[in-house]
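Participant: FYI, the numbering for the sequence shown is 4 to 151, going by this note's numbering.
The beta carbon of each residue, even a glycine, is placed where N, CA and C say it ideally should be.
All values derive from a computational prediction rather than experimental measurement.
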Amino acid sequence: MSWAGPEDIYLSTSLASYLDSEADFVLCTNLYGLTIIVVVEKLLVLLRDGRKLMGILRSFDQFANAVLEGACERVIVGDLYCDIPLGLYVIRGENVVLIGELDLEREELPEHMTRVSTAEIKRAQKAEREASDLKGTMRKRMEFLDFE
Numbered sequence: 004m005s006w007a008g009p010e011d012i013y014l015s016t017s018l019a020s021y022l023d024s025e026a027d028f029v030l031c032t033n034l035y036g037l038t039i040i041v042v043v044e045k046l047l048v049l050l051r052d053g054r055k056l057m058g059i060l061r062s063f064d065q066f067a068n069a070v071l072e073g074a075c076e077r078v079i080v081g082d083l084y085c086d087i088p089l090g091l092y093v094i095r096g097e098n099v100v101l102i103g104e105l106d107l108e109r110e111e112l113p114e115h116m117t118r119v120s121t122a123e124i125k126r127a128q129k130a131e132r133e134a135s136d137l138k139g140t141m142r143k144r145m146e147f148l149d150f151e
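1. Evaluate R142 with the Cβ neighbour count: other Cβ atoms within 10 Å of its Cβ, from every protein chain shown; 16 or more gives buried, anything less gives exposed.
2. DSSP on D86, reduced to helix/strand/coil?
3. Assuming E72 and I59 form a contact by the criterion Cβ under 8 Å, report the distance between their Cβ atoms to the nearest whole angstrom.
4. Between which two residues does the beta strand (DSSP E) harbouring S62 extend?
5. Quick one: is F66 buried, meaning 16 or more other Cβ sit within 10 Å of its Cβ, or exposed?
6. Using 8 Å as the threshold, is the C-beta distance between G103 and L46 below it?
7. Is it true that the CB of I87 sits closer than 8 Å to the CB of G78?
8. Identify which residue in R95, L89 and V48 has its Cα closest to the Cα of D64.
The structure is reproduced here in structure tokens:
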């Protein structure tokens, strides 16, 4: 494998603009002439279904497909949170809503947040879901009053 500098490789404009930022990256060319971009950044990825994934970005392409190493899903319910480890995670670009860099020198969460186990966060999610379902049924029962 030979290492190539940015002047040796032509990149798409969106990829080039990302790499022009202060990201730590290495461009290398393998024996077959394919360019591999190795990025060292901790990212937060928000998906369409509302899940929040965090991990180290290892690769991506122009369609926002990404590979996260050491990924975990952060679940937040009220003041409770849990990081569920996922390992190496491949994300399809059509499911990505937002990708943001995490500042490693800053605290990730406010001080009032409490870390709990996976079982506890699942119970809290279930309770929150049941409460929102009950609220929805109460609203349906009161529709005849026509509050506006």
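Facilitator: So, to answer that:
1. Reading the sequence shown from its first residue, position 139 is the one you call residue 142. Exposed, by the Cβ-count rule.
2. For the purposes of this step, residue 86 is identified with residue 83 of the sequence shown, where counting begins at 1. It is a strand residue.
3. One-based indexing of the sequence shown puts residue 72 at position 69. One-based indexing of the sequence shown puts residue 59 at position 56. Rounded, the Cβ-Cβ distance is 5 Å, consistent with contact.
4. Sequence index remark: in the sequence shown, residue 62 carries index 59 (1-based). First-last of the beta strand (DSSP E) with S62: K55 to F63.
5. The sequence position of residue 66 within the sequence shown is 63, counting from 1. The residue in question, F66, is exposed, as its Cβ has fewer than 16 Cβ neighbours within 10 Å.
6. Stepping through the sequence shown from its first residue, residue 103 is reached at position 100. Stepping through the sequence shown from its first residue, residue 46 is reached at position 43. Against a cut-off of 8 Å, the Cβ pair of L46 and G103 comes out as a contact.
7. Reading the sequence shown from its first residue, position 75 is the one you call residue 78. Reading the sequence shown from its first residue, position 84 is the one you call residue 87. At residue 78 the sequence reads Val, which differs from the Gly that was named. Result yes, Cβ atoms of V78 and I87 sit closer than 8 Å.
8. Stepping through the sequence shown from its first residue, residue 64 is reached at position 61. Of the candidates R95, L89 and V48, the one whose C-alpha sits nearest the C-alpha of D64 is R95.
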